[in-house]
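For reference, the structure is listed below as structure tokens.
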DNA sequence: ACCCTGATACTCGACTTCGAGTAATCGAGT
DNA sequence: ACTCGATTACTCGAAGTCGAGTATCAGGGT
């Protein structure tokens, strides 16, 4: 029974059931009102299959099913001892061990060479605006929480998000500036490459003699045995 | 044909094919040697189904299939005009529009209340060590790239990762300190809650009279109409 | 001559994810 | 009394993800 520990929604289910037995819809409502769906992707399809899978693994058990009138029946689940142990172990792992995260901006940056530099700078400037707006919204939400006397522990996630978004904003601002003023190493090569392609040269033709076409910056692109 | 734009691997495939026609395995090898698999999750199963799906959408086309000896046949794909357009459009979106990212630490923090504060602090201290190691490795990799004369544009992704990891490190360090010295708002409530549960009280019993059990900090947990 | 490791190249099917769809009930207004 | 939107509660199937498995070949060592 190799529990795959992929979907954090399963962890959230365990966490809810460790408070008290609930039926799936009540779990989803609980997560909603506590604002956890900001941090943990929640959709019905996944919820019900995740619950079923936890039950199959013996981490939770169906307690009883009730039905009011002609509504769909509700199955109330409770956490098992194994489930409680899994909750603690999984949560410990999440907190203690950095996982390889694949963010969409990282993917975008790693392929950004496919667009010309000025275009990339323009797009990132758009992003900067959006980031500022999102940060503003997060701050406002934080203020409201504080006014209501909500203790900080209940909002650490969003403070963490704020820290990450701020770092992203700073990085992107710096990157745009360096693309614009040509300080970014390889800028010339990058610009030249797109000029040549716009003139109809193929990638292969350019890479047959990168130094000749793109300049000295491209020397590192040659295979090792012919770099001198 | 609602292209779902979920898996960035599909974008990477388009980016590769926009350089020249390749067969899937060559695409994977290209991404590997360029270090893109650090930023874009790559596994064979996904690669082949993603390629098939791109072909079905008309964004790439099978050019021809070859076979050497008794080896499995290789199908070479080329990008179409629609594919080139999709590449540019998708990449633009990735760069310009922040997407809701669900990181595992955010999930962990949002459920951290399920563990007692001292335990969480201990776990986060473990994470700090791991983060320092990872940052060190990233820096070393960057130095090696620089020594080899690799222009910065080819490593922006990893600089971005470095910026994010640094922000995470700083945030976690600060958080641990505040848990340890009790400066984090709600610390008492959090500690008290776990003491009571260790004594055998249920979550329901505690929440029936939060202020009585947990102190003034818990007033915001009451329903709105009985907060005074 | 033979074996063994590592690279080449893809296949398969079990499992997950997703979100639209269904269907009943409640309550606030007209 | 009625209607309309929100809420409650879950179902379904199409699509996507994953990684172990399969099979071939090249090259180096013994």
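Chains as they are written, first to last, in the numbering used here: chain S, 3 to 230; chain D, 3 to 230.
Glycine residues also receive a C-beta, built at the ideal position from the N, C-alpha and C atoms.
For clarity, every value in this text was computed on a predicted model and none was experimentally measured.
DSSP bridge partner residues for residue 80/S (one or two, in chain order) | The residue labelled residue 80/S in the question sits at position 78 within the first chain. DSSP output for residue 80/S lists 63/S as bridge partner(s).
When the cut-off is 8 Å and only beta carbons count, does residue 24/D lie next to chain S?
-> For the purposes of this step, residue 24/D is identified with residue 22 of the second chain, where counting begins at 1. For residue 24/D, the answer is no, since every Cβ of chain S falls outside 8 Å of its Cβ.
In angstroms with no decimal places, state the Cα-to-Cα distance between residue 157/S and residue 77/S.
-> Stepping through the first chain from its first residue, residue 157/S is reached at position 155. Stepping through the first chain from its first residue, residue 77/S is reached at position 75. Separation of residue 157/S and residue 77/S (C-alpha to C-alpha, rounded to the nearest whole angstrom) is 31 Å.
Along the chain, where does the alpha helix (DSSP H) that runs through residue 104/S open and close?
-> By one-based count along the first chain, residue 104/S stands at place 102. In the DSSP annotation of this structure, residue 104/S is not part of any alpha helix (DSSP H), being labelled neither H nor E.
Using 8 Å as the threshold, is the stretch 179-191 of chain S in touch with the stretch 208-222 of chain S, meaning 3 or more CB pairs across them?
-> By the Cβ criterion, the stretch 179-191 of chain S is in contact with the stretch 208-222 of chain S, since at least three pairs of Cβ atoms, one from each stretch, lie closer than 8 Å.
Apart from the five residues just before and just after residue 102/D, which ones in its own chain have a Cβ nearer than 6 Å to its Cβ?
-> Along the second chain, read from residue 1 onward, the residue named residue 102/D stands at position 100. The answer is none, since no qualifying residue turns up.
Could you please tell me which residues of the stretch 70-97 of chain D, in chain order, have their CB closer than 8 Å to any CB of chain S?
-> Identification of residues in the stretch 70-97 of chain D having a C-beta nearer than 8 Å to some C-beta of chain S yields 89, 90, 93, 94, 96, 97, given in sequence order.
Note down the Cα distance separating residue 169/S from residue 100/D, rounded to an integer number of angstroms.
-> By one-based count along the first chain, residue 169/S stands at place 167. By one-based count along the second chain, residue 100/D stands at place 98. Their backbone Cα atoms lie some 13 Å apart in a straight line.
Excluding the five sequence neighbours on either side, which residues of its own chain have a C-beta within less than 7 Å of the C-beta of residue 3/D, listed in chain order?
-> The count along the second chain starts at 1 and reaches residue 3/D at position 1. Legend: pLDDT at residue 3/D = 44, less than 50; position of this residue unreliable, value from coordinates given subsequently. Excluding positions up to five away in sequence, the list reads 59.
With C-beta atoms as the reference, is residue 167/S less than 8 Å away from residue 137/S?
-> Your numbering for residue 167/S matches position 165 in the first chain. Your numbering for residue 137/S matches position 135 in the first chain. Taking the C-beta atoms as reference points, residue 137/S is found nearer than 8 Å to residue 167/S.
Closest residue to residue 117/S among 186/D, 182/D, 97/D (Cα-Cα distance) = Taking the first chain and counting its residues from 1, one reaches residue 117/S at position 115. The option with the nearest alpha carbon to residue 117/S is 97/D.
By Cβ distance, which residues of its chain are closer than 8 Å to residue 205/D, with the 5 residues on each side in sequence left out?
-> Your numbering for residue 205/D matches position 203 in the second chain. Correct list, in chain order: 199.
Listed in chain order, which residues of the stretch 192-215 of chain S have Cβ atoms closer than 9 Å to some Cβ of chain D?
-> So the list reads 192, 204, 205, 206, 209, given in the order they occur along the chain.
List the residues of chain D whose Cβ lies closer than 7 Å to the Cβ of residue 141/S, in chain order.
-> Residue numbering aside, residue 141/S sits at position 139 when the first chain is read from its first letter. Neighbours of residue 141/S on chain D: none; closest Cβ ~16 Å, over 7 Å.
Verify the CB distance criterion: does residue 110/D have a CB-CB separation below 8 Å to chain S?
-> As a working note, residue 110/D is residue 108 in the second chain. Yes, its Cβ sits closer than 8 Å to a Cβ of chain S.
Give the residues of chain D in contact with residue 177/S, contact being defined as C-beta atoms less than 9 Å apart.
-> Numbered from its first residue, the first chain carries residue 177/S at position 175. Neighbours of residue 177/S on chain D, chain order: 158, 161, 162.
Beta-carbon gap between residue 52/D and residue 11/D smaller than 8 Å | By one-based count along the second chain, residue 52/D stands at place 50. By one-based count along the second chain, residue 11/D stands at place 9. Contact: yes.
Rounded to whole angstroms, how far is the Cβ of residue 63/S from the Cβ of residue 82/S, which I believe are closer than 8 Å?
-> Here residue 63/S refers to the residue found at position 61 when the first chain is read from its first residue. Here residue 82/S refers to the residue found at position 80 when the first chain is read from its first residue. Confirmed, about 6 Å.
Closest by CA to residue 46/D, which one among 175/D, 25/D, 152/D?
-> Residue numbering aside, residue 46/D sits at position 44 when the second chain is read from its first letter. For the residues 175/D, 25/D, 152/D, the minimum Cα distance to residue 46/D belongs to 25/D.
For residue 187/D, which option in 161/S, 187/S, 153/S, 40/S has the closest C-alpha, if you only look at C-alpha atoms?
-> Indexing the second chain from 1 puts residue 187/D at position 185. Ranking 161/S, 187/S, 153/S, 40/S by Cα distance to residue 187/D puts 153/S first.
Who are the near neighbours of residue 7/S in its chain, counting only those whose CB is closer than 7 Å to its CB and skipping five residues on each side?
-> Looking up residue 7/S in the first chain gives position 5. These residues qualify, in order along the chain: 92.
Whether residue 80/D touches residue 42/D by CB criterion (8 Å) = Against the second chain, residue 80/D aligns to sequence position 78. Against the second chain, residue 42/D aligns to sequence position 40. With respect to residue 42/D, residue 80/D sits apart: the two C-beta atoms are not nearer than 8 Å.
N- and C-terminal bounds of the alpha helix (DSSP H) containing residue 206/D = Residue numbering aside, residue 206/D sits at position 204 when the second chain is read from its first letter. Run containing residue 206/D: 205-210, per the alpha helix (DSSP H) assignment.
So, does the CB of residue 14/D fall closer than 8 Å to a CB anywhere in chain S?
-> Position 12 of the second chain, counted from the first residue, corresponds to residue 14/D. Answer yes: the Cβ-Cβ gap between residue 14/D and chain S drops below 8 Å somewhere.
Per-residue contacts from residue 68/S into chain D (C-beta, under 9 Å) | As a first step, residue 68/S is located in the first chain; it is residue number 66 there, counting from the start. The premise fails here: residue 68/S is roughly 18 Å from chain D at the closest Cβ pair, so nothing lies under 9 Å.
To which residues of the same chain is residue 119/D closer than 7 Å at the C-beta, ignoring the five residues directly before and after it?
-> Here residue 119/D corresponds to residue number 117 of the second chain, with the count starting at 1. Cβ neighbours of residue 119/D beyond the five flanking positions: 181, 189, 192, 193.
Three-state secondary structure (DSSP) of residue 185/D = Mapped onto the second chain, residue 185/D falls at position 183. DSSP places residue 185/D in coil when its eight states are reduced to three.
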